[in-house]
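In our numbering, the protein residues as written are 9 to 279.
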Amino acid sequence: MPELPEVETTRRGIEPHVCGQRIVRVTVRQPQLRWPVPADLDSLLQGQLIEQVQRRAKYLLLPFTHGTLIMHLGMSGSLRIVEAQHPLAKHDHVDIELSSGRVLRLHDPRRFGAMLWHPAGDAMHPLLAELGPEPLDDEFDGAYLFARSRGRSAPVKAFLMDGHIVVGVGNIYANEALFSAGIRPDRAAGKVSRARFDALADEVKRVLARSIEQGGTTLRDFVGGDGNPGYFKQQLLVYGRGGQPCHQCGRVLDEIRLGQRSTVFCRHCQR
DNA sequence: ATAATCACCTGCTCGC
DNA sequence: TGCGAGCAGGTGATTA
């Protein structure tokens with residue numbers, strides 16, 4: 009479910025409901041997520057005041073004076089604010105009860121998500137330490153992509169989805185940005201020109217910003233923190249459209265697999 | 001260092 | 001209608 013726009017939509021959705029709240033209790037029903045949820049999470053968080061909800065890449069962070077709660081939604085996770093009496097659903101793994109009486113609830117069928125604790129004072133958490141720049145920051149641009157890609161033979165799509173290069177570009181938006189920039193996803197990253205990387209960086213920013221504005225892409229049952237669906241899916245140009253006509257030239261879109269991820273492109277419009 | 005593959009897990013769709 | 005195969009938004013770990 010969540011790509012960066014969905015995570016940012018979640019952050020914005022829950023922020024007004026959790027900021028200024030104290031944590032009353034944490035209940036972990038299923039600790040087996042991508043990594044085990046710490047057994048002492050309740051004692052670590054009980055009574056703590058939530059002051060802000062941060063996002064780094066696709067991680068959501070709740071910073072406290074004694075440490076940071078790190079959350080990731082994986083492939084199928086969602087984080088919602090519900091009323092205390094809201095019925096429990098299958099795969100509702102963690103509840104963070106707030107002083108308002110409401111609950112921040114983590115739901116994640118596939119359990120690729122994570123909820124981790126990182127004590128203050130230590131070095132940056134290993135999961136966050138090696139990450140590339142945020143795609144919407146100014147330091148992410150064509151010059152940066154060009155410099156980092158020299159000599160690399162991996163497909164430009166894999167390069168773009170590598171979190172060490174830039175964070176937050178998942179399969180949907182990689183497909184979309186490469187189409188809009190006119191670059192074949194299977195071209196070696198090291199053979200893409202500076203001018204084309206300029207276009208690619210611009211398209212990455214544009215497609216992500218536009219999707220965030222519209223509340224993320226609705227796939228299956230994604231809902232943001234406030235429970236409302238996103239509205240971006242209808243605007244996808246290539247993702248999920250293999251075999252259908254290209255919106256630009258009308259030819260049939262190709263669908264291949266690149267790094268075991270579904271990859272859709274137009275061999276006429278993308279070179 | 002880089003590239004490619006595997007792994008984690010549930011649910012859904014497809015073809016037989 | 002049932003059943004196995006394959007695939008799904010992510011990404012760390014492992015292997016060459």
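For every residue, glycine included, the Cβ atom is placed at its ideal position computed from N, Cα and C.
Cα atoms of Ser188 and His172: separation of roughly 23 Å, rounded to the nearest angstrom.
For Ser86, there is no enclosing alpha helix (DSSP H); the enclosing beta strand (DSSP E) has its first and last residue at 86-90. DSSP places Leu41 outside both helix and strand once states are collapsed to three, so it counts as coil. A buried status is given to Leu68, since no fewer than 16 other beta-carbon atoms sit within 10 Å of its beta-carbon. Nearest Cα to Val200 within the set Phe167, Ser107, Leu216, Gln54: Phe167. Ranked by Cα distance from Gly82, the options Leu96, Met123, Ile58 are led by Met123. Annotation: Thr17 is outside any beta strand (DSSP E); the continuous alpha helix (DSSP H) that includes it extends over 12-26.
By the 16-neighbour rule on beta-carbons within 10 angstroms, Gln243 is exposed.
7 Å or more divides the Cβ of Glu105 from the Cβ of Val175. Looking at the DSSP output, Leu57 bridges to Arg30. In the DSSP assignment, Pro193 falls outside any beta strand (DSSP E), carrying neither H nor E.
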